[in-house]
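Counting from 2, one number per residue, gives the positions in the sequence shown under the working numbering.
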Amino acid sequence: MAGENRGIKLKIQNVSKNYDARNAKVTALNQVDLEIRENEFVCVIGPSGCGKSTLLNIIAGLIEPSQGKVFLDGEEIKGTGKERGVVFQQYALFPWLTVLENVKFGLKLQRLPDKEATEIAMRYIKSVDLEDFVNAYPKELSGGMKQRVAIARAYAVNPEVLLLDEPFGALDAQTRAQLQTELLNTWQTEKKTCFFITHDVDEAILLASRIIIMSARPGRIKQILDVDIPYPRTQETKNSAKFLEMKAEIWNEVYEEYLAVIK
Ligand SMILES: Nc1ncnc2c1ncn2[C@@H]1O[C@H](COP(=O)(O)OP(=O)(O)OP(=O)(O)O)[C@@H](O)[C@H]1O
Ligand SMILES: [Mg+2]
């Protein structure tokens, strides 16, 4: 049994999720099966409402599936765990804590001594260029800055699995490019497994070793594509012939699903 799971970090087995909306039942996910290998970088792309965040929250252990199971290293997950770090679509900061205190939060939960927690937090705050704002409160920051704090907080606890829900969606193009590069470096040097949701085809190709295209609600996996472009990748990778070829292919697939939503 253990041998079967070797190299598989996350296994999503027959996962469905129904929500009870006011008058009707909403099927957000319908029988999703997926295996994610250790150190893989998976990007998930699909139209609004197709269940991407629902799937991420189930993997994070924040919500329970209506049916099916999720395994981490071969063990069924029960709730959240420090081996899985989450960056939410909406920066979820504590408004009453400063930037430094927000980033230190998870480290304090792990009972790290204050001095050490501060050192680690400062390192990650610097990596997102916010050292001038360590003592600011979230309300004093722009949306992009708040999201950078949320990213620093997730990286600081050094989880094996990073679950990122459109983490760069609200950022300006320069910051976005900088954080993409930073994330690729972190992923390569620290051997993390990444599950990354995006609406941006370019971002998905630049980052992912595999791209999961989801169909319009109820969310199912429509297609899985290997991104056959070697790492290390840089922003220049976006100009390569292979990249542009994949972009055209993925656009067609994804566009069909977006049309299914608006029709
Ligand atoms: N707590 C909830 N209660 C009821 N319905 C919900 C709840 N959360 C999500 N849904 C519904 O489930 C479906 C999937 O939602 P989800 O947030 O997972 O989509 P998404 O793919 O992340 O969309 P987006 O790209 O807009 O973030 C939607 O139809 C949504 O309305
Ligand atoms: Mg979402």
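Glycine included, C-beta positions come from ideal geometry on N, C-alpha and C.
The structure presented is a predicted model; accordingly, all values stated were derived computationally and were not measured.
A residue is called buried once 16 or more other Cβ atoms fall within 10 Å of its Cβ, and A157 is buried on that count. Bounds of the alpha helix (DSSP H) holding D203 are V202 to L208. For the pair V255 and D115, the Cα-to-Cα distance works out to about 47 Å.
Per DSSP, I230 is not a residue of any beta strand (DSSP E), being assigned neither H nor E. Residues of the same chain with a CB within less than 8 Å of the CB of F196, apart from the 5 flanking positions on each side, are L11, I37, V43, V45, L57, I60, V162, L163, L164 and L165 in chain order.
Across the set N240, E41, P48 and L113, the C-alpha of P48 shows the shortest separation from the C-alpha of L260. M146 is bridged by DSSP to nothing; it lacks a bridge partner. Put simply, the backbone Cα of K140 is about 12 Å away from that of V150. Distance from the Cα of Q68 is smallest, within the candidate group K18, R234 and L207, for K18. Nearest Cα to T235 within the set M247, D203, P219 and E250: D203. Between T99 and V129, the CB-CB gap reaches or exceeds 8 Å.
For D115, the secondary structure class from DSSP, reduced to helix, strand or coil, is helix. The C-beta of N253 has fewer than 16 other C-beta atoms within 10 Å across all chains shown, which makes the residue exposed. Per the C-alpha coordinates, the member of A209, G82, W188 and E39 positioned closest to F244 is A209.
Here DSSP, grouped into helix, strand and coil, assigns I126 to helix.
In the DSSP assignment, A178 falls within the alpha helix (DSSP H) that extends over A174 to E191. If you check the C-beta of S241 against ligand 2, you find no heavy atom less than 7 Å away.
Here Q181 is buried: its Cβ has 16 or more other Cβ atoms, across all protein chains shown, within 10 Å. Relative to the non-hydrogen atoms of ligand 2, the Cβ of D166 comes within a distance shorter than 7 Å of at least one.
In this structure L108 is in contact with I121, their Cβ atoms being roughly 6 Å apart against a cut-off of 8 Å. Around the beta carbon of Y92, 16 or more other beta carbons lie within 10 angstroms, which makes this residue buried.
Here DSSP, grouped into helix, strand and coil, assigns L131 to coil.
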